[in-house]
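Student: Following this message is one structure expressed as structure tokens.
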Amino acid sequence: MSDLLYSSVEEDLRAAVRAVLTDHCPPSAVLARCETPAPYDPRLWRTLARELGAAGLQIPEEHGGAGAGLRETAVVLEELGRAAAPTPYLGSAVLATTVLLGCGAADLLAPLAAGEQSAALAVPLTADPWADFPAGVRADAAGTLSGTVTSVPDLAGAATVLVPALGQDGPALYAVESTAAGLARTPRTSLDLTRPLADLTLHGAPARRLAGPDTAPGILRRALLTGAGLLASEQLGVAEWCLATTVDHLKQRHQFGRPVGSFQAVKHRLADLWLDIAGARAAARNAADALASGDDGPETVLAVAVAQAYCGDTAVRAAEECVQLHGGIGMTWEHPAHLYLKRAKADQLALGTPGRHRAALAGLADLPAPA
Amino acid sequence: MSDLLYSSVEEDLRAAVRAVLTDHCPPSAVLARCETPAPYDPRLWRTLARELGAAGLQIPEEHGGAGAGLRETAVVLEELGRAAAPTPYLGSAVLATTVLLGCGAADLLAPLAAGEQSAALAVPLTADPWADFPAGVRADAAGTLSGTVTSVPDLAGAATVLVPALGQDGPALYAVESTAAGLARTPRTSLDLTRPLADLTLHGAPARRLAGPDTAPGILRRALLTGAGLLASEQLGVAEWCLATTVDHLKQRHQFGRPVGSFQAVKHRLADLWLDIAGARAAARNAADALASGDDGPETVLAVAVAQAYCGDTAVRAAEECVQLHGGIGMTWEHPAHLYLKRAKADQLALGTPGRHRAALAGLADLPAPA
Amino acid sequence: MSAAVEVRERVRELLAAHDPATTDRLDFLRARFDAGLAWVHFPEGLGGLGAPRSLQAAVDAELAAAGAPDNNPRANGIGLGMAAPTILRYGTPEQQARFLRPLWTGEETWCQLFSEPGAGSDLAALGTRAVPDGDTWTVDGQKVWTSGAHTARWAILIARTDPGLPKHRGITYFICDMTDPGVEVRPLRQITGEAEFNEVFLSGVRIPDAHRLGEVGEGWRVAQTTLNNERVAIGGQRTPREGGMIGIVAATWRDRPELRTHDLHQRLLRGWLQAEVVRLTGERLRQQLALGQPGPEGAAMKLAFARLAQELSGLEVELLAEDGLGYGDWTMVRPDQVDFLGRDAGYRYLRAKGNSIEGGTSEILRNIIAERVLGLPAEPRTDKDVPWKDLAR
Amino acid sequence: MSAAVEVRERVRELLAAHDPATTDRLDFLRARFDAGLAWVHFPEGLGGLGAPRSLQAAVDAELAAAGAPDNNPRANGIGLGMAAPTILRYGTPEQQARFLRPLWTGEETWCQLFSEPGAGSDLAALGTRAVPDGDTWTVDGQKVWTSGAHTARWAILIARTDPGLPKHRGITYFICDMTDPGVEVRPLRQITGEAEFNEVFLSGVRIPDAHRLGEVGEGWRVAQTTLNNERVAIGGQRTPREGGMIGIVAATWRDRPELRTHDLHQRLLRGWLQAEVVRLTGERLRQQLALGQPGPEGAAMKLAFARLAQELSGLEVELLAEDGLGYGDWTMVRPDQVDFLGRDAGYRYLRAKGNSIEGGTSEILRNIIAERVLGLPAEPRTDKDVPWKDLAR
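Chains as they are written, first to last, in my numbering: chain A, 3 to 373; chain B, 3 to 373; chain C, 108 to 500; chain D, 108 to 500.
The structure is reproduced here in structure tokens:
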């Protein structure tokens, strides 16, 4: 059975990350920054990635990383979710890093581990581990790439873009420098103000091939599986913030001569939400533990599908309750609740919707669909 | 637009039926009777059918009926649901009568209209209007029937059994006297104590053919559609009893020095339930009105699917809340809540589950399923 | 002469005397008001004829058919729907004569200064103070969720005139001049990015006692007239099948087969069913109203509508998958009127969150249904008899 | 010598002195008790060794492996799980010596006389009276939901000894002799048709003061020990994947492809997901407990379990379609122990309704989570300081 608790090392890491986020990334700062052209705070990223080593947690020590693992990475994501922090962590430290680890591209890992650069994986944020290898980009005989990938997360600040593409001999993974000729990035206006998306266009961009048909599909799938499984921890953090903030508000806020939090209907809804979040915590830890084992067998895949199917909806519900139970205040731009609502809703679509992951359970748990 | 209200004639009918049920059919009487071999009270049936003319509401006056219609029939069903009354009304006055009307079998209608006899339609209670014509009974060249139909409602006391069967030339409808040689009825133990089911076995039973391949499928479908649409009214009555009884209980019952009905969580749940029942009332009336028009076009079919998809679940939820909010009392055999829970749950399966009727909406409302 | 005949006669006279094709818009509207055809159920002299309210629809239709201008009612919803019935019921003859005509013609629009940040659903806990000084009142406080405050000429305002009384009893109702130098209006940005509403800061605002509506301390009772008219307006909207949010989702479903999954299909079927039942519930309510039997479903329709809009708009975003990640525009704008459905899926999703908060939260509506419809007992109240100034806040 | 080593040594000695193959069952159990191996965390002389509770599992396993009989714990859940910890904590040395040994061996089984028809979730509102008369008490009242009352030798009982005090303060805790002629036990038939529980009528039942547990008026505090042990017992059950109701539904799904529809499939996937998450939540709780960090999830597991069992059992009936219309048998029987899953789908559906009522309703559990875990304020209480006799009932 998985270890579903947090180790003391993990709790120390959490405390360190939380301290940084409390200093650098209060809701007011997130709000102020999120409509600017540079929604990511480079100072915050440097501190997290370089000083805390958070970006290289899953990178082995010989490549400059912390040699920790995905359980620790998940704890960082919990805290990033709790802060609705705008950082390229999911795109760079989870998705791109997992691809580079799979490809064994040590030279590209080093600057990520050191927190000097970030990288992006050129898939839409909605890409899921169950889909076919993407066919939107093609490599020509000279090895240059052409094509388009829409809604790529964390693309804007990435120094390296990892591109799944169809090469001459089949699916392959390439690295393209973001400064390469023929590479263009077009920002999109995103529902989630804290995770900017951009479209990637490649016109004969020079690229370095990292993996070919034998390994590329498996590496990409492992990355998406890792992303989906760990995103559950981010969703847990979002949900926990929403519940805690709502509870605090309702203890303070008085109506009809009583704290609003003393009204039984509100209490029962929050008790149910708390129970769902307890479930999300167990499911997210289970997925992180399974992924950390390095085993990609059916138990790990099942753990990911369960966590992402459950946590995606739980975070949305928590954020919706947070807005509702704050009343009018929760509808204002000034209050941070909306940042979490938007993050939760976008996260629900990210790396496979809950419905997509439930559908995967049909095969994983032997619950066949009607003929 | 349909008339979704109750006319004063309909309200008068309701009052008359309710008065009879209050006298003859209090919950204690239902409970005492429902485990006996004769769960139907013949005196109650005579009073309802003969004195109030309730059995012949949809039968034209020239055949001895009231020449009223299905809106009025629906009102009777609401009251029967409210009383969880054990009567063969659904099987005889709705299903069998609709078949006989479709077949124009005047001689068989007369004793039903007069309340002298009841009839049954030999289909499982779970038969739905979207299914193929049943193939469990076959007619031989001599016109005698052989085969089995399971879980037939209201079969036990029926004088006449109407049997859909595959004849030599295709689907047909037959009438078999319940005393016929080769006809056997085997009672089942039913979840719903107030609507006994029985299996019908036919071994070369002599039968009278009422309709052949040209009309039999349409007549049977009309009967099942009518049954499904009007059952929504019975479900409405069940739900209304559950809500009203729960509200009454919670006004009286004190805990923690207050009426339990003053606790906000309970109030909010009951408010939501009330809203759902308001919806059930509108949907049930809409279906009754559409069926009463005699038009079997897409609007009527849609109205039935909407009503049965909605009211089936609403009645179950109302009954479940009734048990839960009565606390331990609601779990006892002595309290009538369980009669309604069992009726509601069996009704949910009857004449197509809510899921079956929702699935029908895919075609009826142009919401196609995934390819 | 029956009322219907008389009304029709008046319409004919109005059109004869003021040809819409050649009459100035405002002149026509004033003439219509003076002819008693503004709101026929109002008294004569105040834009009406004391005729049944049900005759109004025919007047509107006939004048529209003749090419007459209307008073652009959507631009003055608060004035027409809330201020006018309150002035009619509680206003002095002078107030009625001064305010109703320009209100109806749209020359003067209105806003509502009721909600406060510190009060929320407990509207009667409001803290805006009005202090008498000779025959004027001085008002200080903060109001919120005020639509149209930046364009309104007048406001209906409730303020506390006696903090020593229990909260419902120390409130007085005023008409506030929005051009008073003490009135400051700031747009209030919402989670959608736009600012439909305003915050209004009142600092030493002077209101003549002649602009008080109802007696001193009777403001809560007066406000009930205003609020009841708000609820009726919300409950009375008719929607055709697939009207509203479900129509948008169903259209996307039909147009984009590549988005379909069984999960989404089952949820769409449930959503469609729910929408159809809500529509039938509303239709049943309207049939009852037409018979003069207003059912309690009125308050409940808003609850049902909010639930439905939120569920369907959330489903729509999921259905759109990658397209659901986008958002049209976060730029802060001040829209002239609310359009729940007009923009993109993200906007619909966010805006629908307000449906269960504005105009009475779903929690308050459930209390109302439980107590007024089902007759369940009220919760123990600790705030009824306590002086407002001593209430926990 | 470490506790673990000592315990293992004792086991070896016990087995050496009393070969399970040749020793009478009861003799063996008594010897095991006297060896301190009944519940090792109890004190010496009372069936234990004052050792850590965590060592018990190894003792049980080792004895079972050696073919030793067990004390049939499922037949005496109330005694072992609730009465024993309470007697241990509050009993006099005489009471502990008298009751614990035959309780543990199963020679005497126990039942619980707490619930009353008039009290429900408000257990402390109980009305059963105990009136002192010299050194005995006379008890009159009615109790309900008493499992095993018809076979139990003893009962733990709470009764009101001072109606003039507020409800929590006038209660005293007793050990009641079920063979007293004033005790009448009647089976209480449930909606499933069977009678798992009893009603117990107490008419002039005589209880010696020596059978009082704890001080007069302290019964509510004593009862907390009993009730806390009930909650722990409920939260501690471990289930494998697809354990419980979901396993039954999933098996039917796999066995009967003809029943499958997309509606049911989507609901099954949701149910399976929910069951797996509840299982993981329980597993996480057990990992916390193993580290000595009991999480608040304990009380919540019962809430989650009830929700899940009800949803899945309802789904199962729908899945079975025509087969869901049937029911095994309505004959009233008195089952020896509850089997939530063993009978047919209709039984499971009905029996699961009790999961959210018995042992603390889901409503009460939500209150507990909201107040004790989330720290939300209590509702205004009107019954805390009122004499019991003056309470609204």
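The beta-carbon is built from N, C-alpha and C at its ideal position, and this holds for glycine as well.
Shorter than 8 Å from the beta carbon of D/ALA340 to some beta carbon of chain C?
Tutor: Note on D/ALA340: pLDDT 49, under 50, position unreliable in the model; the coordinate value appears next. Chain C contact via Cβ: absent.
Student: Could you list the residues in the segment 465-495 of chain D with a C-beta less than 7 Å from some C-beta on chain C, going in chain order?
Tutor: Those would be PRO487, THR489, in chain order.
Student: First and last residue of the alpha helix (DSSP H) that includes D/TRP379?
Tutor: That run of the alpha helix (DSSP H) goes 369-397.
Student: CA-CA distance, A/SER30 and A/ALA87?
Tutor: Going from the Cα of A/SER30 to the Cα of A/ALA87 covers about 11 Å.
Student: Check for me: the beta strand (DSSP E) holding D/ASP240 runs from which residue to which?
Tutor: 236-240 is the span of the beta strand (DSSP E), which, as asked, contains D/ASP240.
Student: Where do the ends of the alpha helix (DSSP H) carrying D/ASP167 lie?
Tutor: Taken as a continuous stretch (DSSP letters only), the alpha helix (DSSP H) holding D/ASP167 covers 163-172.
Student: Taking Cβ positions only, does A/HIS256 come closer than 8 Å to chain C?
Tutor: Yes, A/HIS256 lies at the interface with chain C (some Cβ there is under 8 Å from its Cβ).
Student: Which one of A/GLY239, A/LEU164, A/ASP171 has the shortest CA to CA distance from A/ALA209?
Tutor: With distances taken between Cα atoms, A/ALA209 lies closest to A/LEU164.
Student: Curious, which full-length alpha helix (DSSP H) runs of at least 4 residues does the segment 109-145 of chain B contain?
Tutor: DSSP runs (the alpha helix (DSSP H)) wholly in the segment 109-145 of chain B: none.
Student: Could you tell me the alpha carbon to alpha carbon distance between C/ALA145 and B/LEU97, rounded to whole angstroms?
Tutor: One C-alpha to the other measures close to 55 Å.
Student: Return the first residue and the last residue of the alpha helix (DSSP H) that B/GLY231 is part of.
Tutor: First-last of the alpha helix (DSSP H) with B/GLY231: 218-254.
Student: Exposed or buried, which one is B/LEU103 when buried takes at least 16 other CB atoms within 10 Å?
Tutor: Buried: at least 16 other Cβ atoms inside 10 Å.
Student: Can you tell me whether B/ASP109 is buried or exposed? The criterion is at least 16 other CB atoms within 10 Å of its CB, across all chains shown.
Tutor: Under this definition B/ASP109 is an exposed residue.
Student: From what residue to what residue does the beta strand (DSSP E) around B/ALA167 run?
Tutor: That run of the beta strand (DSSP E) goes 162-169.
Student: Could you name the residues of chain A that B/HIS270 contacts, counting a contact when the two beta carbons are closer than 8 Å?
Tutor: By Cβ distance, chain A contributes ALA267.
Student: Out of B/GLN170, B/ARG52, B/PRO155, point me to the one whose CA is closest to B/ALA116's CA.
Tutor: Of the listed residues, the one whose Cα sits closest to B/ALA116 is B/ARG52.
Student: Which ranges does the beta strand (DSSP E) cover as unbroken runs of at least 3 residues, wholly within the segment 185-252 of chain D, from first to last along the chain?
Tutor: Segments of the beta strand (DSSP E) lying fully in the segment 185-252 of chain D: 217-220, 236-240, 243-250.
Student: Ordered along the chain, which non-local residues of its own chain (more than five positions away) have a Cβ less than 7 Å from that of A/VAL303?
Tutor: These residues qualify, in order along the chain: LEU227, LEU366.
Student: Any beta-carbon of chain B closer than 8 Å to the one on C/PRO364?
Tutor: Yes, C/PRO364 counts as interfacial toward chain B.
Student: In whole angstroms, what separates the C-alpha of D/ALA499 from that of D/LEU170?
Tutor: One C-alpha to the other measures close to 54 Å.
Student: Quick check on the burial criterion: 16 or more other C-beta atoms within 10 angstroms. Buried or exposed for D/ASP485?
Tutor: The question names Asp, but residue 485 of chain D in the sequence shown is Ala. So D/ALA485 ends up on the exposed side.
Student: Got a sec: is the Cβ-Cβ distance from C/GLN297 to anything in chain A below 8 Å?
Tutor: Chain A contact via Cβ: present.
Student: Between the segment 255-272 of chain D and the segment 217-225 of chain D, do three or more beta carbon pairs fall short of 8 Å?
Tutor: With a cut-off of 8 Å, the segment 217-225 of chain D and the segment 255-272 of chain D count as touching, because enough Cβ pairs lie within range.
Student: In terms of alpha-carbon separation, which member of B/GLU236, B/SER148, B/ALA213 lies closest to B/ALA186?
Tutor: Of the listed residues, the one whose Cα sits closest to B/ALA186 is B/SER148.
Student: Where B/ALA133 and D/LEU427 are concerned, what is the direct C-alpha to C-alpha distance, given to the nearest angstrom?
Tutor: Cα-Cα distance, rounded: 17 Å.
Student: Tell me, please, whether the segment 118-136 of chain A touches the segment 347-355 of chain A by the rule of three or more beta-carbon pairs shorter than 8 Å.
Tutor: At 8 Å Cβ cutoff, the stretches touch.
Student: Using a threshold of 8 Å, state whether the C-beta atoms of B/THR196 and B/ARG20 are closer than that.
Tutor: Not closer than 8 Å, so no.
Student: Going by the beta-carbon positions, is the gap between B/GLY296 and B/GLU80 smaller than 8 Å?
Tutor: Against a cut-off of 8 Å, the Cβ pair of B/GLU80 and B/GLY296 comes out as no contact.
Student: Rounded to a whole number of angstroms, what is the C-alpha to C-alpha distance between D/GLY342 and A/ALA292?
Tutor: Residue placement at D/GLY342 is poorly supported in this model, since its pLDDT is 47, which falls under 50; the coordinates still yield a value, given next. So the alpha carbons of these two residues sit roughly 25 Å apart.
Student: Does DSSP put C/ILE341 in a helix, in a strand, or in coil?
Tutor: Per-residue confidence for C/ILE341 stands at a pLDDT of 46, beneath the threshold of 50, marking its modelled position as unreliable; the derived number appears in the next sentence. Helix at C/ILE341.
Student: Check each residue of the segment 303-324 of chain B: if its Cβ is closer than 9 Å to any Cβ of chain D, include it; give the result in chain order.
Tutor: Listed by position along the chain: VAL318, GLU322.
Student: Beta-carbon within less than 6 Å of A/ALA379's beta-carbon, same chain only, minus the 5 sequence neighbours each way: which residues are those?
Tutor: Since the displayed chain A opens at 3 and closes at 373, residue 379 of chain A lies outside it and no answer follows.
Student: Excluding sequence positions up to five away, which residues of its chain have a Cβ less than 6 Å from the Cβ of B/ILE61?
Tutor: Closer than 6 Å at Cβ, skipping near neighbours: GLY67, LEU111, ALA115.
Student: With 8 Å as the threshold, decide whether the Cβ of D/LEU387 is near any Cβ in chain A.
Tutor: So, interface residue.
Student: Thinking just about the alpha-carbon of each residue, which of C/ARG296, C/ASP443, C/ASP451, C/ASP446 is nearest to the one in C/TYR434?
Tutor: Here the closest residue by C-alpha is C/ASP451.
Student: What is the C-beta distance between B/CYS244 and B/GLU323, in whole angstroms, given that I count them as a contact (C-beta under 8 Å)?
Tutor: That pair is a contact at about 7 Å.
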